[in-house]
Every structure is written in structure tokens, then in C-alpha cells.
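Numbering (our numbering), first residue to last: 13 to 294.
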């Protein structure tokens, strides 16, 4: 099923993103959908596990390093239905837990992921819906997945940044993989604004600095994400580096030495298998 109807320019942009690892804007036709109305999303929210919902006040500064933000004292459904006026921000995580949204996620990623990661290289599809009151701010942060954010209703500005060096990117990625919060301690560096109206979207590469400034109206966005073997290997190298650093060793960044990366990833894989075997034996 073709849902997004990506045009030639958007298709080319996603292929370029796969080659360069840089953000790319796209156009799409998901300007409205029965599953992405505020009422439908309120119904979805109350059906999801509590740990699949995150919400807080939307009026935040550009930097909230520890991720701690005040929340509105409202019942979940009431909070979502009142987003146009109550100043809240909310994300519904792993919406694919609902079969209807799983089908929606698949329809979107069937058109996207191979263009970026190559045929047969994508797995672990996940979907997130962002609901933002007028003027909300999502502080500077990074995410560990390939992500295409599709704007459905309202407008927002995605601000992406550029790392000053590969080592700076690796340091923040390692911190996140080791269990740190996604939020950054500093604002986005070398910022570029991407204005997203309904029918526009953006590919955000893994570990890219970004923040989001909502427009003057309620915003609904669908984030479709996936991972790839190359990304999984990088994450294992980052985890190994974190362990080595705690042991007093200064490790090489991912990509610096291919053979060493392979050994680190192999060690993490072996450790994961050993832990799984121990759990099964209990």
C-alpha cells in the first residue's frame, strides 16, 4: 500500500541521506489520517502501557540536560484533548503495539527505509506520535535510531546541528548508549532550521543534535524509526568503549580502526549471549 506517495525529489533526498548521513527534507501525502486525529490519539494513549507515554509542560528552555520537566496534573485523555490551550507536550511511544498503528508504520517505512539503509538492511521498526501545544519546545537532544519525522497537523521548526568533530559525536553517542539521558548539556551547534508544515518531513540521522520549536497551533507529527546492522554494530562498539573507559582505558572512536571495532562488537555480542543463557538457566 502506497501511503506517503513520495515524489522523485524526496526519493532522491532519502538516497542522498543514506550516502552522506546528513538530514534531508522530504514531501509526503500523509496530511491527514483517521488514526492521527486528536480524538483517535487520545483513545490510543489510554490503551497503551504507562511507560509508553511521556508528557510535560511544553514551555521549556532550549537545554534541559537532565530531562526533568514539570508535568500538568491532568488525566491523560483530558490532557491530550486539551492540547490546543493547556500548554502541554506529549509523545506516544511504540504505537506499533496497536495493530492498526503497526500497519500504518509498516506502510510508511515500506516507502522509506530501503532508500536510506539499502534493501534488506532495516529492522526494529518503531513509531512515535508527538503531540505539541502551541509554542512548545523540545530541548536539544539526540536519538539512537534512523528517523523520519512526518508533519501531519500544525507546524513546527526542526533545528538540526553539526558536531564539531567525529569525537564529539562519539562522546555523546557513547553516553546515550551507556544509559545516559537523550537530552544534551548544550544547545544545538551550527543550527539549521527546517520548517515543517503538513505534508513535509525530515530524515534525522542517528545521534544528530536537534531540537524542535512548535508553531502557533496544535501540532501532530508521526515519527517512523528503524535500525540497521551497521547502526547496531556502532552501538556495540560504543558500549564496549564505555566499559573500557570505566576501566581506565582511552578507546578509539567507532570507525577509527575497523578490525578493533569488529573485536569490540564481537565481545559485546558474546556477553549478551552469555547473559541470555544465564537468565534462561535460572
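Yeah, the Cβ is synthetic: ideal placement off N, Cα and C, and Gly gets one too.
Taking the runs of the alpha helix (DSSP H) that are 4 residues or longer, which of them lie wholly in the stretch 108–158? 111–121 and 125–129
Which of helix, strand or coil DSSP assigns to residue 213: Here residue 213 is taken as the residue at index 201 of the chain shown, counted from 1. It is a strand residue.
Touch test, the stretch 160–177 against the stretch 76–87, Cβ-Cβ under 8 Å, three pairs minimum: no
So is residue 36 buried or exposed if we call it buried at 16+ other beta carbons inside 10 Å? If you number the chain shown from 1, residue 36 lands on position 24. Result: buried.
Sequence-distant residues of the same chain with beta carbon closer than 8 Å to residue 73, five excluded per side: Taking the chain shown and counting its residues from 1, the one referred to as residue 73 is at position 61. Once the five neighbours on either side are set aside, the close Cβ partners of residue 73 are 149 and 151.
Determine the extent of the alpha helix (DSSP H) in which residue 21 is found, giving its start and end residues. The count along the chain shown starts at 1 and reaches residue 21 at position 9. That run of the alpha helix (DSSP H) goes 20–32.
Along the chain, where does the beta strand (DSSP E) containing residue 239 start, and where does it finish? Locating residue 239 in the chain shown gives position 227, where the first residue counts as 1. Segment 231–239, the beta strand (DSSP E) holding residue 239.
Best match in 251, 260 and 266 for proximity to residue 283 [C-alpha to C-alpha]: Taking the first residue of the chain shown as 1, we reach residue 283 at position 271. The shortest Cα separation from residue 283 among 251, 260 and 266 belongs to 251.
According to DSSP, is residue 220 part of a helix, a strand, or is it coil? Here residue 220 is taken as the residue at index 208 of the chain shown, counted from 1. Three-state DSSP puts residue 220 in coil, outside helix and strand.
If I'm right that residue 161 touches residue 233 with Cβ under 8 Å, what's the distance once you round it to whole angstroms? Indexing the chain shown from 1 puts residue 161 at position 149. Indexing the chain shown from 1 puts residue 233 at position 221. Indeed, because the Cβ distance is near 6 Å, the residues count as touching under 8 Å.
N- and C-terminal bounds of the alpha helix (DSSP H) containing residue 51: In the chain shown, the residue the question calls residue 51 occupies position 39. Taken as a continuous stretch (DSSP letters only), the alpha helix (DSSP H) holding residue 51 covers 50–59.
At what residue ranges does the stretch 63–113 contain a whole run of the beta strand (DSSP E), taking only runs of 3 or more? 65–69 and 100–105
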